[in-house]
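Peer 1: Sharing a structure here in structure tokens format.
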Amino acid sequence: MPRPDPKRPREGQEALFEAEAIKQPDCVLRGRHSVAMDAALDAARDNQVIHPIDEGIATVLRAGAWALDTLEKQDRPYGPAKLIPAMTEALTAAHMTPESRKLESEDLAKQLFEDLAALESGDDA
Numbered sequence: 012m013p014r015p016d017p018k019r020p021r022e023g024q025e026a027l028f029e030a031e032a033i034k035q036p037d038c039v040l041r042g043r044h045s046v047a048m049d050a051a052l053d054a055a056r057d058n059q060v061i062h063p064i065d066e067g068i069a070t071v072l073r074a075g076a077w078a079l080d081t082l083e084k085q086d087r088p089y090g091p092a093k094l095i096p097a098m099t100e101a102l103t104a105a106h107m108t109p110e111s112r113k114l115e116s117e118d119l120a121k122q123l124f125e126d127l128a129a130l131e132s133g134d135d136a
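When you number the sequence shown by the numbering used here, it's gap-free, plus one each residue, and the end is 136.
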């Protein structure tokens, strides 16, 4: 009997790494968290908040949403309590929270004011 490939995704994991979920019986693929995360990722791509280089963090976010759906289906309330802080950190790192987008726009405004100040001081010389 051949040994299983240790790098092959296990049962129920294939859908975590594909753009489209692979349907399997008795397997949670698209619960409310996964649907919301896919919509958020699509909006982030459309608004150029995340780029192709960010697909790694997008995969992590999709996997986290799937885990939340699975834990919810299994009625395990302590799993989400452990997972949600990590998900929030990942969303912040991807600039997908209102606070992280606000900080980014504040940095852009600060840079604009610094550039304007540099132009004004250059005109006086």
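Even for Gly, the Cβ is constructed at its ideal location relative to N, Cα and C.
Values in this document were obtained by computation on a predicted structure and should not be read as measured data.
Taking the alpha helix (DSSP H) that residue 47 falls in, what are its first and last residues?
Peer 2: Unbroken alpha helix (DSSP H) run through residue 47: 43-57.
Peer 1: Compute the beta-carbon to beta-carbon distance between residue 55 and residue 105, rounded to the nearest angstrom, for a pair I have assumed lies under 8 Å.
Peer 2: With 8 Å as the limit, residue 55 and residue 105 qualify as a contact, their Cβ atoms being about 7 Å apart.
Peer 1: Look at the alpha carbon of residue 45 and the alpha carbon of residue 133, and state the distance between them as a whole number of angstroms.
Peer 2: Straight-line Cα distance between these residues: approximately 52 Å.
Peer 1: Distance check for residue 12 and residue 22, CA to CA, integer angstroms please.
Peer 2: If I take the Cα positions, the gap works out to 19 Å.
Peer 1: Should residue 101 and residue 60 be called a contact, given that it needs their Cβ atoms to be closer than 7 Å?
Peer 2: Not a contact, by the Cβ cut-off of 7 Å.
Peer 1: Please classify residue 128: is it buried, with 16 or more other beta-carbons within 10 angstroms of its beta-carbon, or exposed?
Peer 2: The residue in question, residue 128, is exposed, as its Cβ has fewer than 16 Cβ neighbours within 10 Å.
Peer 1: Work out the CA separation of residue 131 and residue 124 for me, nearest whole Å.
Peer 2: So the two alpha carbons sit approximately 11 Å from each other.
Peer 1: Which residues in the same chain have their Cβ closer than 6 Å to the Cβ of residue 20, if we skip the five residues on either side of it in sequence?
Peer 2: Taken in chain order, the list of residues that qualify is empty.
Peer 1: Report buried or exposed for residue 119, applying the criterion of at least 16 other Cβ atoms within 10 angstroms of its Cβ.
Peer 2: By the 10 Å Cβ count, residue 119 comes out exposed.
Peer 1: Spatial neighbours of residue 103 within its chain, please: C-beta separation below 6 Å, excluding the five flanking residues on both sides.
Peer 2: Closer than 6 Å at the Cβ level, and outside the excluded window around residue 103, lie 111.
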